[in-house]
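Undergrad: The following block contains the structure, expressed as structure tokens.
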Amino acid sequence: MELELSAAQRSARDTARRFAREKLDRIGVEADRTHRFPKEAIDELGRLGMLGTFVPEEYGGAGLDQVAYALVIEELAVACASTAVIVSAHCSLASWPILGLGTDAQKRHFLPKMASGEWLGCFALTEPLAGSDAAGQKTRAVLHGDSYVINGTKNFITNSPQSKVAIVFAMTDPGKGHKGISAFAVETDSPGWQVVRVEDKMGIHGAHSAQLSFTDLRVPRGNLLMGEGDGFKVAMKTLDGGRIGIAAQAVGIGRAALEASLKYAQERQSFGKPISQHQAIQWKLADMAVEIDAARLLTLRAASLKDAGKPCTKESAMAKLFAAEAAMKAATEAVQIHGGYGYTREFKVERYFRDAKITEIYEGTSEIQRLVIAGQVLEGNR
Ligand code: CAA
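The sequence shown begins at 0 in numbering that gives the first Met the number 0 and counts up one residue at a time.
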């Protein structure tokens, strides 16, 4: 693994950082308060090429790589964790399975509009009774002539109210367990697609997660991803990459918590000196800095393995697990360092605390990441 970034990776990071500081920071505060989808931010990110960072230029993307993408997500998350997850779900969970596993016709149809941001994407795997146990799909897809007809319910689907494209998972052969699941690229303006309700969440208020209902939703046969029965593999391979995006989001939230704490600790006085001069505070700041750095290194290692076309199941689970826990700890300590002020809406650390929590839950809880990592090391993938 190269520890030095290339000029193109640095440039993508710096562009994202500038956008985050100059525009997204203000939008992040407002989206959290009003629960508004930050459309103007997503539109501008489309214009900047950041909705297709790792999509090749021939499909309308920026032609960069997963390392550049992780750096971009981190910068966005420092300013607005909602925008970061909107972009991550769109890129890793909706665009990647088409790019990595789709046919040439599917790539040409979907990717240029997704890379530009004209079509936003989502990933419809989770169901009321299939969260951690993703293989327990109840949604059914039945082939009628040249179309699959899909019926079922999906839960907590990030981006779904704004999406034009969804990667939908459904059972085509319920008798076969996880080998009976298939994956489809669905256009959400097809009849039978319904957004039932948008969840009222603890954090990431700008990213809308909704329950979906499918009633005789017709999907052309040509929109099947890989073969019938390959859907579980599509989901798992996609999540290997998605977890890199969430790890990067967590690094960004943790960094925001550290930056806010560094500033506050040097301004706030107690016992006749800035609180940054008290060891109790210094130790917190030191631990936050170490863990955020370590989380970034794990994230970039997983991204560079993915760029090299190597397996990254263990490494992306490690990155996501460690970064999520580092973000939660950093946000908790940031509130503590801010004392009573940290518990008010006047300071951003209260938002970081609420936003960090979800990184330990979505795209596989921390408990699931530990299962994945244990499975890998027990198999000898050390
Ligand atoms: N890549 C390729 N194939 C994989 C794989 C991977 N990473 N992981 C597993 N597989 C394959 C296995 O090799 C096996 O294949 P065979 O049947 O051919 O041998 C098959 O999949 C089944 O594997 P397991 O027996 O390990 O499967 P399991 O049922 O025990 O489940 C699990 C494994 C890791 C717990 C999985 O269910 C899981 O990841 N659960 C969490 C689901 C999740 O992350 N959901 C997130 C939803 S999206 C979201 O959150 C988005 C958002 O809001 C932003």
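Quick reminder that beta carbons are idealized off the backbone N, C-alpha and C, glycines included. Fair warning: this is a prediction, and the values are worked out from it, not measured in the lab.
1. Taking only runs of the beta strand (DSSP E) that begin and end inside the stretch 169-235, which ones reach a length of at least 3 residues, in chain order?
2. What did DSSP end up calling Val347 once you bin it into helix, strand or coil?
3. Excluding sequence positions up to five away, which residues of its chain have a Cβ less than 7 Å from the Cβ of Tyr351?
4. Alpha carbons only, please: which of Ala123, Ser275, Asp145, Ala294 is nearest the one belonging to Leu238?
5. Confirm the yes/no value for this check: CB of Asp239, any heavy atom of the ligand SAM, distance under 7 Å.
6. For His337 and Tyr263, what's the separation of their Cα atoms in angstroms?
7. In chain order, what are the residue ranges of uninterrupted alpha helix (DSSP H) at least 4 long that sit wholly in the stretch 43-98?
8. Helix, strand or coil for Leu128? Go by DSSP, reduced to three states.
9. Whose C-beta lies closer than 6 Å to the C-beta of Glu73 among residues of the same chain, with five residues either side of it excluded?
10. On the three-state DSSP scale, how would you describe Gly253?
11. Measuring CB to CB, does Ser81 end up less than 8 Å from Pro37?
12. What did DSSP end up calling Phe36 once you bin it into helix, strand or coil?
13. What would DSSP say about Gln136, mapped onto helix, strand or coil?
14. Could you tell me which of Gly271, Cys121, Ala326 sits nearest to Leu50, measuring between CA atoms?
15. Tell me the rounded alpha-carbon separation between Gly176 and Gly135.
16. Specify whether the stretch 53-71 and the stretch 283-302 touch according to this definition: at least 3 beta carbon pairs, one from each stretch, less than 8 Å apart.
17. Does the beta-carbon of Ala134, which I'm using as the reference point, lie nearer than 7 Å to any heavy atom of the ligand CAA?
18. Return yes when the C-beta of Lys309 is under 7 Å from any heavy atom of the ligand CAA, and no when it is not.
19. Any idea if Asp199 is buried or exposed, counting beta-carbon neighbours within 10 angstroms, 16 or more meaning buried?
TA: If we stick to the structure as given:
1. The stretch 169-235 contains these whole beta strand (DSSP E) runs: 180-186, 192-197, 208-219.
2. Here the question's residue 347 lines up with position 348 in the sequence shown. Sequence inspection shows Lys at residue 347; the Val mentioned does not correspond to that position. Coil, per DSSP.
3. If you number the sequence shown from 1, residue 351 lands on position 352. Contacts found: Ile252, Ala255, Ala256, Ala330, Ala333.
4. Translated into positions along the sequence shown, residue 238 becomes position 239. Ranking Ala123, Ser275, Asp145, Ala294 by Cα distance to Leu238 puts Ala123 first.
5. No copy of the ligand SAM appears in this structure; the ligands present are the ligand CAA.
6. Here residue 337 refers to the residue found at position 338 of the sequence shown. Here residue 263 refers to the residue found at position 264 of the sequence shown. In this model, His337 and Tyr263 are separated by some 7 Å (Cα to Cα).
7. Complete alpha helix (DSSP H) runs here, min 4: 65-78, 80-87.
8. Walking along the sequence shown from the start, residue 128 turns up at place 129. Reduced to three states, the DSSP call for Leu128 is coil.
9. Sequence index remark: in the sequence shown, residue 73 carries index 74 (1-based). Within the same chain, Ala247, Val250, Gly251 come within 6 Å of Glu73 by CB-CB distance, once the 5 residues on both sides are set aside.
10. The residue you call residue 253 lines up with position 254 of the sequence shown. Three-state DSSP puts Gly253 in a helix.
11. Residue numbering aside, residue 81 sits at position 82 when the sequence shown is read from its first letter. Residue numbering aside, residue 37 sits at position 38 when the sequence shown is read from its first letter. For Ser81 and Pro37, yes; Cβs fall inside 8 Å.
12. To locate residue 36, count along the sequence shown from 1; it is residue 37. Residue state, collapsed to three classes: coil.
13. Walking along the sequence shown from the start, residue 136 turns up at place 137. Coil.
14. The residue labelled residue 50 in the question sits at position 51 within the sequence shown. Of the listed residues, the one whose Cα sits closest to Leu50 is Cys121.
15. If you number the sequence shown from 1, residue 176 lands on position 177. If you number the sequence shown from 1, residue 135 lands on position 136. So the alpha carbons of these two residues sit roughly 8 Å apart.
16. The stretch 53-71 is in contact with the stretch 283-302.
17. Residue mapping note: residue 134 aligns to position 135 of the sequence shown, counting from 1. Yes, the ligand CAA has a heavy atom inside 7 Å of this Cβ.
18. The residue given as residue 309 occupies position 310 in the sequence shown. Not so, every heavy atom of the ligand CAA lies at least 7 Å from the Cβ.
19. To locate residue 199, count along the sequence shown from 1; it is residue 200. Asp199 is classed as exposed because its beta carbon has fewer than 16 other beta carbons within 10 Å across all chains shown.
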